[in-house]
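Protein sequence lines correspond, in order, to chains A and B.
Counted the way my numbering counts, the first sequence spans residues 10 to 91.
Counted the way my numbering counts, the second sequence spans residues 2 to 151.
Where a beta carbon is used, it is the ideal one built from N, C-alpha and C, also for glycine.
Down below is the structure, laid out as structure tokens.
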Amino acid sequence: MNANSEQLGPPDLSHYAENRRKFPLDELAKHWGKHVAFSPDGTRIVASGSSLDEVLEQLQAAGIHFSQVVHAYIDPPDMSYI
Amino acid sequence: MGLMFPYTVVAAHHAVVPLGGRWSRPRPLVMVSATGPKNTFPMEGRLDTGSDDTVFPERLASIIGVDLSNAPVGHGRTASMALLIVRYAQITLRITDGVERREWPAWVGFTPAVHRPLLGFAGFLQFFTATFRGDREEVELTVNNFYPGT
């Protein structure tokens with residue numbers, strides 16, 4: 010993965026949904042209310058921040074292009090959407 | 002058979018009374034890739050049958066290369082009745098459940114009022130038959146006759 014602006018091919022996301030569902034809830038608890046970037050296979054959080062821009066900065070610093078991860082917002086607990 | 006998406010379980014701090022006291026809530030989150038003129042951005046979105054439009058965080062527009070300066074503007078209300086401004090553009094959406102992949106052009110809205118995409122009727126659910134199975138906590142999306150993609 011690289012961090013420059015050239016358009017890359019889509020990452021292999023074939024295992025993302027399966028692994029994302031199994032992602033440990035206690036690990037997710039560290040990121041409540043934050044924007045995160047998951048690895049394409051859904052097994053790791055590779056960046057986390059209070060805003061999307063913060064996540065993008067971390068990805069760039071790590072040399073990871075933003076199109077090669079899956080971005081998500083981790084809901085705070087006890088928040089129901091109605 | 003269509004694309005199958007098991008719900009994502011979100012932890013709760015306390016027992017959720019209306020769900021019989023379980024300590025979590027299941028939510029229909031789907032990984033969707035939004036592609037514009039410059040880039041593709043994969044992101045978890047929430048299927049929302051109550052949303053008229055499909056809307057994305059406004060920050061996403063510049064990232065994928067969508068110019069909203071002359072975009073059609075609409076007004077919406079959130080579930081809490083807050084008024085928000087939505088600017089519309091046509092992009093390409095792609096979803097996969099790991100087995101099947103679908104990609105189609107869609108008119109979507111951009112607004113600063115959301116943290117994650119809301120996958121509503123226009124641009125998303127209008128192209129699928131969506132079966133929400135509460136007992137199995139999963140949703141199945143099957144393309145319908147209006148589906149314009151591949």
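Under 8 Å from the C-beta of alanine 13/B: neighbouring residues of chain D: The structure shown has no chain D; the protein chains it does contain are A and B.
DSSP bridge partner residues for glutamine 91/B (one or two, in chain order): Start at 1 with the first residue of the second sequence, and residue 91/B comes out as number 90. Per DSSP, the beta-bridge partners of glutamine 91/B are Trp108/B.
Could you tell me the distance, in whole angstroms, from the CA atom of phenylalanine 32/A to the CA atom of glutamine 127/B? Taking the first residue of the first sequence as position 1, residue 32/A is located at position 23. Taking the first residue of the second sequence as position 1, residue 127/B is located at position 126. Those two C-alpha atoms are separated by around 31 Å.
Does proline 7/B come within less than 9 Å of chain A when only Cβ atoms are used? Here residue 7/B refers to the residue found at position 6 when the second sequence is read from its first residue. By this cut-off, proline 7/B is an interface position.
Give the straight-line distance between the Cα atoms of threonine 79/B and valine 55/A, rounded to the nearest whole angstrom. Residue numbering aside, residue 79/B sits at position 78 when the second sequence is read from its first letter. Residue numbering aside, residue 55/A sits at position 46 when the first sequence is read from its first letter. About 31 Å.
Own chain partners of threonine 9/B with C-beta closer than 6 Å, once the 5 adjacent residues on each side are dropped: Taking the first residue of the second sequence as 1, we reach residue 9/B at position 8. Result list for threonine 9/B: Arg28 and Leu30, in chain order.
Give me the Cα-Cα distance between methionine 10/A and serine 48/A, rounded to the nearest whole angstrom. Taking the first residue of the first sequence as 1, we reach residue 10/A at position 1. Taking the first residue of the first sequence as 1, we reach residue 48/A at position 39. Because the pLDDT of methionine 10/A is 43, which lies under 50, any placement of that residue in the model is unreliable, and the question is left without a value.
On the premise that threonine 55/B lies in contact with threonine 93/B, defined as a C-beta separation below 8 Å, what is that separation, rounded to the nearest angstrom? Translated into the one-based positions of the second sequence, residue 93/B becomes position 92. Translated into the one-based positions of the second sequence, residue 55/B becomes position 54. Not confirmed; about 12 Å, so no contact.
Whole-number beta carbon distance between glycine 77/B and leucine 85/B, since they are thought to touch under 8 Å: In the second sequence, residue 85/B corresponds to position 84, counting from 1. In the second sequence, residue 77/B corresponds to position 76, counting from 1. About 5 Å separates the two Cβ atoms, so the contact holds.
Range of the contiguous alpha helix (DSSP H) that encloses tyrosine 25/A: Start at 1 with the first residue of the first sequence, and residue 25/A comes out as number 16. Where tyrosine 25/A is concerned, the enclosing alpha helix (DSSP H) stretches over 25-30.
Taking the straight line between their C-alpha atoms, what separation do you get for alanine 62/B and proline 73/B? The residue given as residue 62/B occupies position 61 in the second sequence. The residue given as residue 73/B occupies position 72 in the second sequence. Their backbone Cα atoms lie some 14 Å apart in a straight line.
Tell me which same chain residues have a C-beta within less than 6 Å of the C-beta of arginine 88/B, skipping the five on either side of it? On the second sequence, residue 88/B is found 87 positions in, with the first residue counted as 1. If we look at arginine 88/B and ignore the five residues flanking it on each side, its Cβ neighbours are Leu69, Ala72, Val74 and Phe111.
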